[in-house]
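Single-structure report; data block below.
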Amino acid sequence: MTERTMGNWLVSPLSALLIVTACTVSAAAHPSLMLTGSLTTQPFGHLELCKRLPAECSVRSEEQAPLILTEKLKARLEAVTAWVNSAVRPMNDIDIYGIDEYWTYPEKRGDCEDYVLLKRRILMDEGVSASDLLITVLKKPDGEGHAVLTVRTDIGDLILDNLNDAVSPWDETGYIYLKRQATYDSGRWVTVREGHSELVGSVQ
1 MTERTMGNWL
11 VSPLSALLIV
21 TACTVSAAAH
31 PSLMLTGSLT
41 TQPFGHLELC
51 KRLPAECSVR
61 SEEQAPLILT
71 EKLKARLEAV
81 TAWVNSAVRP
91 MNDIDIYGID
101 EYWTYPEKRG
111 DCEDYVLLKR
121 RILMDEGVSA
131 SDLLITVLKK
141 PDGEGHAVLT
151 VRTDIGDLIL
161 DNLNDAVSPW
171 DETGYIYLKR
181 QATYDSGRWV
191 TVREGHSELV
201 GSVQ
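Residue numbers (the UniProt record's numbering): 1 to 204.
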């Protein structure tokens, strides 16, 4: 597989992995989707990011089905997660920039939102739709705020986290989810209906 650079980051193309193959992950493995509710406010850090980089918040997407999760795609999600987690040194915004909640692409160091932005950009550059890569904010069990990347798939929503390299189903993380980007507009956010999930393929 050939490699190319994106800024200071070395990445591999995903296009070949997005071809639907017979090697799909069984839907019975964990068929639940995160349910979302009404429109809500943008996190302050994302709002400021949109002002600096308007293109980040101007992606409009037509309604579409989630990604078909093949074994190769799952492996790529795991590889991107592990690589970014090891390439970026964790450091708070206040220590880097002197202010809180400064969302940006990391230059070798950053906090949770910065990890999310880099993973999202790598996967988008490799062909994944923005509607399937959603910045999500939540609370950890200790009450501290946190951000992760939600990846929409046909067997349920998966979480890419900087606190571990595992790609996990959203409702097996122990987190309390608050809000995430809307699937149809990268500049809008919706609430997460905590404690509720939709079974993939279930009769509504």
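Built from N, CA and C at the ideal position, the CB exists for glycine as well. Please read all numbers here as calculations on a predicted model, not as lab measurements.
{"Asked": "Assign K179 to one of three DSSP states: helix, strand, or coil.", "Found": "strand"}
{"Asked": "Might you give, ordered along the chain, the residues of its own chain that have their beta carbon closer than 7 Å to the beta carbon of L178, omitting 5 neighbours on each side?", "Found": "V137, L138, K139 and V192"}
{"Asked": "Within 7 Å: the Cβ of T104 and any heavy atom of the ligand MG?", "Found": "Here there are no bound small molecules, and the ligand MG is not part of this structure."}
{"Asked": "Kindly confirm or deny that the segment 84 to 96 and the segment 153 to 170 touch, where touching means at least three C-beta pairs closer than 8 Å.", "Found": "yes"}
{"Asked": "Is the Cβ of E113 closer than 8 Å to any Cβ of chain D?", "Found": "Judged by its chain identifiers, the structure shown contains no chain D, having just a single protein chain."}
{"Asked": "Near W189, which residues of its chain fall below 8 Å by C-beta distance, leaving aside the five closest residues on each side in sequence?", "Found": "L39, T40, T41, Q42, P43, H46, K179, R180, Q181 and A182"}
{"Asked": "Are I68 and D157 closer than 8 Å when you measure CB to CB?", "Found": "no"}
{"Asked": "Starting from M124 and walking both ways along the alpha helix (DSSP H), at which residues does that stretch end?", "Found": "C112 to D125"}
{"Asked": "How far does the beta strand (DSSP E) with R52 in it extend, from its first residue to its last?", "Found": "Segment F44 to R52 is the alpha helix (DSSP H) holding R52; no beta strand (DSSP E) there."}
{"Asked": "Cβ of Y102 within 8 Å of Cβ of L118?", "Found": "no"}
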